[in-house]
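The opening residue of the sequence shown carries number 1210 in my numbering; numbering runs sequentially from there.
For every residue, glycine included, the Cβ atom is placed at its ideal position computed from N, Cα and C.
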Amino acid sequence: MTNKEYSNIVIPEISKDWTYYENKYPERNLEKCAMVTRFAPSPTGFVHMGSLYTSFSDLQMAKQTNGVAYLRIEDTDGKRTVENGVEGIINDFKSLNITWDEGPTQGGAYGPYIQSERMDIYKAFAKKLIEEEKAYPCFMTEDEINQVRTMQEVGKLRIGIYGTYSKYRNLGKEEAIAKIKADTPYIIRFKSNGNFENKIILDDLIKGKIEMPENDQDIVIIKSDGLPTYHFAHVVDDHLMRTTHVIRGDEWVSSYPIHDELFKSLGFKLPYFAHIAPITIKEGEAIRKLSKRKDKEAAISYYSQKGIPADVIKLYLATVNNSGFEDWYTRNPNLTIDDYTFEFSKMPIGGSLFDIEKLNSISRIYFSSLTAAKIYDGLKEYTETYDKEFNEIVKREKEYTTNVLNIERNIAKPRKDISSYSDIKDLNWYMFDELFFEKEKNYEFQKINDKNEIANIIKEYFNSYFDLNDDKDTWFNKVKLLCDKLGYASNMKEFKQNPDIFKGNVSDIATVIRVSLTTKSQTPDLYEIMQVMGMDRINKRIDYLNNNR
Ligand code: GLU
């Protein structure tokens, strides 16, 4: 019996052989340095900060070299697959405005991009290996495998099915066929030629050269359910999809010898490898990987709920990803991530601590660079989903809301208090009648706290000094005139020299006006606030104060 006939018995019922797929998926026609990268998540529910970090590199590297970045769903491990996991991943990317050049939704010439739809392909290549006597059916039962393991543990030996532990490695074809005919369950194992005493070198693009022992394990390539293992599917897919750069988490470094041998045994050219160190978090004294189960900040939905824009997350990831980025961005705030050249050599070798404060501060800078109109659009979209009440107001009062957002924006140092869309209501509620009058208020009066004195200041000011048409200087001069009239120092220098002869100073008076209108002792520029509020809203707030305090 020829090896080909034998392979047809071990893996029956597929019509195409591996040469068909080799021809179907030819080398890509791209520029010489173009990178083909892939993001290959298991459908475990949703994209999280850690996986997003990896996909960020995939996307940037492909984009900046005019290459291709594609999405491949690795759903061959039933234990790691959750219901709607694929939709979860696709929706998360959508919410971040991330699009892949190829993938399950958009298709592409190298698909299907969901591994469970590629069964015949894996089988065709497993057959190739069987034909070349580089793979074989293994009939070991679970019990037998457990016994081997126990024995190895007791004897302090390396664990696994290799060398003499590989019971069916040298089984004759006829005996194997007899077992198959008798319906004995089996899986397909790779027949390793490696020697654990020999060394191979992984020339990792991020971590540099790493010396490791050769693989000698007869790893499973096709499981009893007919699905490939990660190792086998990775090698077959990255070859056929013509991936040039495998960028993946560094938990895979230790499996590299397996992949190295598989690529070579299948006659495939090895891609480049870049193993990314994880994003980590501090838990007490210990540092561990950011976990999507334990850390709420790991979920992408956490940021959409808070209203932190996708661009901010990307800026944060860029900052973690390449050591020079933050400095470059600070010097070139008008440029975008796509103008920066990311390099593997500038990526961190060890884990990077997740820093939510840094992310928030990047977000504040980002918001400060936006126009009020742009923030308005984002706020409208955000509140549509997360704050229906505010959304009604924002939609009804488009111009006013934009003006509110414009306060302290068109100046040399624009305001930096907004770090997310959810901050906007908390920071500006007092500007909106609907929110102002319905909210429980705590007037933060400071030095001048006496009810009658406050009432007097307010009455004098609005009756005789305030004019909405004044420019800022005139407006401020009038506040000073009011000070002079009421016995407060309009000149700070004079006040400092003789504090006792004054009831207080101009800043105390301004605070009274500020608190009366906003309840807050700290706000953006009072002149701008009053200009935007307009007479009607100002009057309502003053009346309210007079009647309720
Ligand atoms: N499916 C693997 C995982 O989720 C992907 C590893 C890789 O990128 O090759 O860990």
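In chain order, what residues of the same chain lie with their CB nearer than 8 Å to the CB of Ile1496, ignoring the 5 residues before and after it?
Only Thr1489, Ile1490, Gly1560 and Leu1562 meet the Cβ criterion.
Just verifying my parser: in three-state terms, what is the DSSP assignment at Cys1347?
Three-state DSSP puts Cys1347 in a strand.
Ignore the nearest five residues each way along the sequence and tell me which others in Ile1415's own chain have a CB closer than 7 Å to its CB.
Hits under 7 Å: Ala1483, His1484, Ile1485, Phe1553, Met1556 and Ile1558.
From this set, Gly1317, Thr1550, Arg1457 and Ser1673, which residue's C-alpha is nearest Ser1260's C-alpha?
It is Arg1457 whose Cα lies nearest to the Cα of Ser1260.
What does the alpha-carbon distance come out to for the pair Tyr1511 and Phe1472?
Each residue's Cα considered, the two are about 39 Å apart.
Would you check whether the ligand GLU has a heavy atom nearer than 8 Å to the C-beta of Tyr1439?
Yes, the beta carbon of Tyr1439 sits closer than 8 Å to at least one heavy atom of the ligand GLU.
Buried or exposed: which applies to Pro1466, given that a residue is buried once 16 or more other Cβ atoms fall within 10 Å of its Cβ?
By the 10 Å Cβ count, Pro1466 comes out buried.
Relative to the C-alpha of Arg1758, which residue among Arg1746, Pro1733, Thr1728 and Val1741 is closest?
Comparing Cα-Cα distances from Arg1758 to each of Arg1746, Pro1733, Thr1728 and Val1741, the minimum goes to Thr1728.
What is the DSSP secondary structure of Gly1312, reduced to helix, strand or coil?
Residue state, collapsed to three classes: strand.
Determine the DSSP secondary structure at Tyr1630, reduced to helix, strand or coil.
Three-state result, Tyr1630: helix.
Going by Cα to Cα distance, which pick from Gly1287, Gly1713, Met1742 and Ser1401 is closest to Leu1338?
Closest by alpha carbon: Ser1401.
How about Gly1516 and Tyr1585: do their beta carbons lie closer than 9 Å?
No; because the gap between Cβ atoms is not below 9 Å, this pair is not in contact.
So who's on the other strand from Phe1399, going by DSSP bridges?
Beta-bridge pairing links Phe1399 to Ala1344.
Specify the secondary structure class of Glu1606 as computed by DSSP and reduced to three states.
Note: Glu1606 maps to coil in three-state DSSP.
Applying the 10 Å Cβ sphere with the 16-neighbour rule, what's the burial state of Pro1437?
Classification for Pro1437: buried.
Ignore the nearest five residues each way along the sequence and tell me which others in Ser1578's own chain have a CB closer than 7 Å to its CB.
Pro1542, listed in sequence order.
Closest to Ile1751 by C-alpha separation, out of Pro1733, Ala1249, Phe1671 and Glu1342, would be which residue?
With distances taken between Cα atoms, Ile1751 lies closest to Phe1671.
Look up Pro1466 in the DSSP assignment and say whether it is helix, strand or coil.
DSSP places Pro1466 in helix when its eight states are reduced to three.
Under 8 Å from any heavy atom of the ligand GLU, does the C-beta of Gly1458 make it?
Indeed, a heavy atom of the ligand GLU lies less than 8 Å from the Cβ.
Spatial neighbours of Phe1645 within its chain, please: CB distance less than 6 Å, with the 5 preceding and 5 following residues excluded, ordered by chain position.
Tyr1639, listed in sequence order.
Which class does Gln1731 belong to by DSSP, given the choice of helix, strand or coil?
Note: Gln1731 maps to coil in three-state DSSP.
Where Glu1643 and Glu1598 are concerned, what is the direct C-alpha to C-alpha distance, given to the nearest angstrom?
Each residue's alpha carbon lies about 10 Å from the other.
Tell me whether Thr1263, by its Cβ, gets closer than 8 Å to a heavy atom of the ligand GLU.
Because some heavy atom of the ligand GLU lies under 8 Å away, the Cβ of Thr1263 counts as near it: yes.
What ranges does the alpha helix (DSSP H) occupy inside the segment 1252-1283, keeping only unbroken runs of at least 4 residues that lie completely in it?
Here the runs fully enclosed are 1258-1273.
Would you mind giving the Cβ-Cβ distance between Gln1361 and Ile1368, rounded to the nearest angstrom? I have them listed as a contact below 8 Å.
The Cβ separation is near 5 Å, so the contact holds.
Comparing the CB of Arg1247 with every heavy atom of the ligand GLU, is any distance shorter than 8 Å?
Flag set: Cβ of Arg1247 near the ligand GLU.
According to DSSP, is Arg1247 part of a helix, a strand, or is it coil?
Correct three-state label for Arg1247: strand.
Touch check for the segment 1615-1627 and the segment 1648-1656: three-plus C-beta pairs under 8 Å?
No, because fewer than three Cβ pairs between the segment 1615-1627 and the segment 1648-1656 fall closer than 8 Å, the two stretches do not touch.
Can you list, in chain order, the residues of its chain whose CB lies under 7 Å from that of Gly1713, leaving out five sequence neighbours each side?
Closer than 7 Å at Cβ, skipping near neighbours: Lys1656, Ile1657 and Tyr1697.
With Arg1327 as the anchor, note down where its alpha helix (DSSP H) starts and where it stops.
Per DSSP, Arg1327 belongs to no alpha helix (DSSP H) and is neither H nor E.
May I ask you to report which of helix, strand or coil DSSP gives Arg1723?
DSSP places Arg1723 in helix when its eight states are reduced to three.
In chain order, what residues of the same chain lie with their CB nearer than 7 Å to the CB of Leu1614, ignoring the 5 residues before and after it?
Excluding positions up to five away in sequence, the list reads Ala1581, Ile1584 and Tyr1585.
Which partner residues of Pro1422 appear in the DSSP bridge assignment?
Per DSSP, Lys1408.
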